[in-house]
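Asks:
Protein chains in written order, with our numbering: chain A, 1 to 423; chain B, 1001 to 1208.
1) Going by the DSSP bridge assignment, what does residue 176 of chain A pair with across the sheet?
2) Is residue 176 of chain A near residue 322 of chain A, with beta carbons less than 9 Å apart?
3) Determine, using beta carbons only, whether residue 1175 of chain B comes closer than 9 Å to chain A.
4) Less than 9 Å between CB atoms is the rule here; does residue 1081 of chain B satisfy it with respect to chain A?
5) Is there a Cβ of chain B sitting closer than 9 Å to that of residue 382 of chain A, yes or no?
6) Comparing the C-beta of residue 1107 of chain B with each C-beta of chain A, is any distance below 9 Å?
7) So if DSSP puts residue 214 of chain A in a beta bridge, which residue, or which two residues, is it bridged to?
8) Count the other CB atoms, across all protein chains shown, that sit within 10 Å of the CB of residue 433 of chain A; report buried if there are 16 or more and exposed otherwise.
9) Among residues of its own chain, excluding the 5 on either side of residue 332 of chain A, which ones have a beta-carbon nearer than 6 Å to its beta-carbon?
10) Which stretch, first to last residue, makes up the alpha helix (DSSP H) that contains residue 1076 of chain B?
11) Identify whether residue 1007 of chain B lies in helix, strand or coil by the three-state DSSP scheme.
12) Do residue 260 of chain A and residue 92 of chain A have their C-beta atoms closer together than 9 Å?
13) Round the Cβ separation of residue 182 of chain A and residue 137 of chain A to the nearest angstrom and send it over; I've been treating them as touching at under 8 Å.
14) Chain A beta carbons: is any one of them nearer than 9 Å to that of residue 1151 of chain B?
15) Give a yes or no on whether the minimum CB-CB distance between residue 246 of chain A and chain B is below 9 Å.
16) What did DSSP end up calling residue 413 of chain A once you bin it into helix, strand or coil?
17) Going along the chain, which unbroken runs of the alpha helix (DSSP H) with 4 or more residues stay wholly within the stretch 238 to 316 of chain A?
18) My output table needs one value for residue 364 of chain A: the three-state DSSP class, helix, strand or coil.
19) When the Cα atoms are used, what is the spatial distance from residue 385 of chain A to residue 157 of chain A?
20) So, does the CB of residue 242 of chain A fall closer than 9 Å to a CB anywhere in chain B?
21) Is it right to say residue 264 of chain A is buried, meaning 16 or more other beta carbons lie within 10 angstroms of its own, or is it exposed?
22) Could you pull the DSSP bridge partners for residue 86 of chain A from this structure?
23) Quick check on this structure: which residue in A:416, A:382, A:407 and A:421 has the alpha carbon closest to the alpha carbon of residue 1194 of chain B?
24) Of all the residues that make up the stretch 399 to 418 of chain A, which are near chain B by a beta-carbon distance shorter than 8 Å?
25) What did DSSP end up calling residue 383 of chain A once you bin it into helix, strand or coil?
26) Who are the near neighbours of residue 258 of chain A in its chain, counting only those whose CB is closer than 8 Å to its CB and skipping five residues on each side?
27) Within a Cβ cutoff of 8 Å, which residues of the same chain sit near residue 449 of chain A, ignoring the five residues on either side of it in sequence?
28) So what's residue 228 of chain A in DSSP terms, helix, strand or just coil?
29) What are the residues that DSSP puts in a beta bridge with residue 322 of chain A?
30) Say whether chain B places a C-beta atom closer than 9 Å to the C-beta of residue 364 of chain A.
31) Exposed or buried, what is residue 356 of chain A when buried is set at 16 or more other beta-carbons lying within 10 Å of its beta-carbon?
32) Regarding residue 303 of chain A and the ligand ADP, is the C-beta to nearest heavy atom distance less than 8 Å?
33) For residue 1123 of chain B, go through chain A and note every residue whose CB falls closer than 9 Å to its CB, in chain order.
34) Can you grab the Cα-Cα spacing for the pair residue 1050 of chain B / residue 1144 of chain B, in whole Å?
35) Is the stretch 1111 to 1124 of chain B close to the stretch 1080 to 1100 of chain B, with three or more CB pairs under 8 Å?
36) For the stretch 301 to 319 of chain A against the stretch 1076 to 1096 of chain B, are there 3 or more C-beta pairs whose distance is under 8 Å?
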């Protein structure tokens, strides 16, 4: 992803904006006529000539018309090796993130690992230290489960004075896929954890040798040693050939390129759980081991950085909700800046620690307003407002931002982050 | 990794043998009992365990032999660390490495400067992290003596150890970090209303 392509994405948005502004003085009828005229010949060329043969290419890629649906990098890090890129939430449907659009957070680049050479060692306070090849791991009983993964720094821009301009940047350190792997509890059963074993150090085979301490309770609950992602092998960016997955916990704990698990009697106090990924409170004390990603939701269409195209009329509000504590119970949507709320429809039965798609039809009358969503999870936790969140945590907290995200709708249909400058 | 030999334990071999002979003589087994605990995986060799076991506990357990002084650390820092962290660990706008020094008494000011000196609770983490992940372009390239020396220098820049300090597995584990008690262990603080207002609610705090 280059800067030029990034700017290209913004240009596309601006062109839409200009087109929308040009229609601003016209009636809806005139707008519809203009759209019909732009619709092309009565019999499309695609019906007059043969298409492409099979395996063009062998590994399928999206239509060329979807070229702007890409991950976009942050411009906030001085190196692209310890950096991150955002999932284009505004362009996605449903709850599953395509593998090529899964957000990235690496601490020293993406390693190239030959699965035939890769090994996972489990040692420390265990009866039988063991080392597993990928072949060994794949011979254990496996399971496929759908879970989101969210960077603890997702939406960190919203704490401060420069909130993000679009939903990809404000909420895109979030993805959700079907993972396949072996329960960590199965492997721990194989090595035999000693009674004094309470924490597990997980270590990656990357150039950061990324390490976090995992509480035994989580390891024995729903932790997964994952090698599959949406039906295929993990992508290199997500930890190929094998990673840890801790459903509902902050993303960096789900160590990628997993090579070592060491059982200990206390947390290992690695750099990533002391100097980083701790939450500094206004009184100067920092919260440590704040694992759970709490309930959060965001409207992805229409969303900040986009447009309501075609003027006033029916608009399908759609978005995603999730909770690291379990299932989404309900999502409410406001179209009047939070004065009143309506319960949205959920797509099917919500899955635990997975994205849930919500929808609400709306008739936009063309006047400026503010729309927002608010999730309640099965524990009864209600997504807080930004005001409540910051009054409790201050602005230096950095991680775990999960407040309601209000989008401002302009008279011309432009959608902006209601907290961003100039909104 | 050919130099790191692995060998099956006697127990694992016995389990495999039993499973094989059962399968040969009778029907294939399926269902929950299909995989027994010791069938898969092999016992790591002592060499492998030692080479992979690089983490350092906060009480200093697993720190290796070796030592390094503040003055030795200053030389290594200048050639290996300063390009990303600044000559004296001061960091700065656009520098790849973070600021390592200063920030004393800033954590409660609303404009906190989090450094090794102001924020890190354990000196042992410095050894662990520098060894596993630094320098950024050549991780795990420093010897134990060099890692001790760099640790000594960074601690000295923060005024935590004196100019003549020498760090080794005894002295590093005894260093008391200023922010040692600055952390509260807890999971994410619940900030929840019990009900979600539906009508006549307080509007969101956005300007219209």
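A virtual CB, placed ideally from N, CA and C, is assigned to each residue, including glycine. Bear in mind the structure is a predicted one, so any value in this text is a computation, not a measurement.
Replies: So, from the data block:
1) The secondary-structure analysis by DSSP pairs residue 176 of chain A across a beta bridge with A:148.
2) Remark: C-beta atoms of residue 176 of chain A and residue 322 of chain A approach each other more closely than 9 Å.
3) Cβ-Cβ to chain A under 9 Å: no for residue 1175 of chain B.
4) Residue 1081 of chain B does not count as touching chain A.
5) Contact with chain B is found for residue 382 of chain A, since one of that chain's Cβ atoms lies less than 9 Å from the residue's Cβ.
6) Interface residue, yes.
7) Answer is A:200, bridged to residue 214 of chain A.
8) In the structure as shown, chain A starts at 1 and stops at 423, and residue 433 of chain A therefore has no counterpart that could be examined.
9) These residues qualify, in order along the chain: 341, 343 and 374.
10) For residue 1076 of chain B, the enclosing alpha helix (DSSP H) has its first and last residue at 1070 to 1080.
11) Residue confidence is low: residue 1007 of chain B scores 44 on pLDDT, short of 50, so the model does not pin down where it sits. Its coordinate-derived value is still stated next. Residue 1007 of chain B carries a strand assignment under DSSP once its states are collapsed to helix, strand and coil.
12) No, the Cβ-Cβ distance between residue 260 of chain A and residue 92 of chain A is not below 9 Å.
13) About 6 Å separates the CB atoms of residue 182 of chain A and residue 137 of chain A; that is less than 8 Å, so the two are in contact.
14) No, residue 1151 of chain B does not count as interfacial toward chain A.
15) Cβ-Cβ to chain B under 9 Å: no for residue 246 of chain A.
16) DSSP places residue 413 of chain A in the coil class of the three-state scheme, outside both helix and strand.
17) As far as the stretch 238 to 316 of chain A is concerned, it has no whole alpha helix (DSSP H) run of at least 4 residues.
18) Three-state result, residue 364 of chain A: strand.
19) Residue 385 of chain A and residue 157 of chain A: Cα-Cα distance of roughly 15 Å.
20) So no, residue 242 of chain A is outside the interface.
21) By the neighbour-count rule (16 or more Cβ atoms within 10 Å), residue 264 of chain A is buried.
22) Residue 86 of chain A pairs with A:72.
23) Comparing Cα-Cα distances from residue 1194 of chain B to each of A:416, A:382, A:407 and A:421, the minimum goes to A:382.
24) Listed by position, the residues of the stretch 399 to 418 of chain A near chain B (Cβ gap below 8 Å) are 400, 404, 406, 408 and 418.
25) Judged by DSSP in its simplified three-state form, residue 383 of chain A adopts coil rather than helix or strand.
26) These residues qualify, in order along the chain: 120, 202, 203, 204, 205, 225, 239, 242, 243 and 244.
27) Only positions 1 to 423 of chain A appear in this structure, which leaves residue 449 of chain A out of reach.
28) Under the three-state reduction of DSSP, residue 228 of chain A is assigned to strand.
29) The beta-bridge partner set that DSSP reports for residue 322 of chain A consists of A:296.
30) Not an interface residue.
31) Its Cβ being crowded by 16 or more others within 10 Å, residue 356 of chain A is buried.
32) Ligands in the displayed structure: none, and consequently the ligand ADP is not present.
33) Within 9 Å Cβ-Cβ: nothing; residue 1123 of chain B doesn't reach chain A, min ~11 Å.
34) Spanning the two alpha carbons is a distance of roughly 15 Å.
35) Yes: the two stretches touch, three or more of their Cβ pairs being nearer than 8 Å.
36) With a cut-off of 8 Å, the stretch 1076 to 1096 of chain B and the stretch 301 to 319 of chain A do not count as touching, because too few Cβ pairs lie within range.
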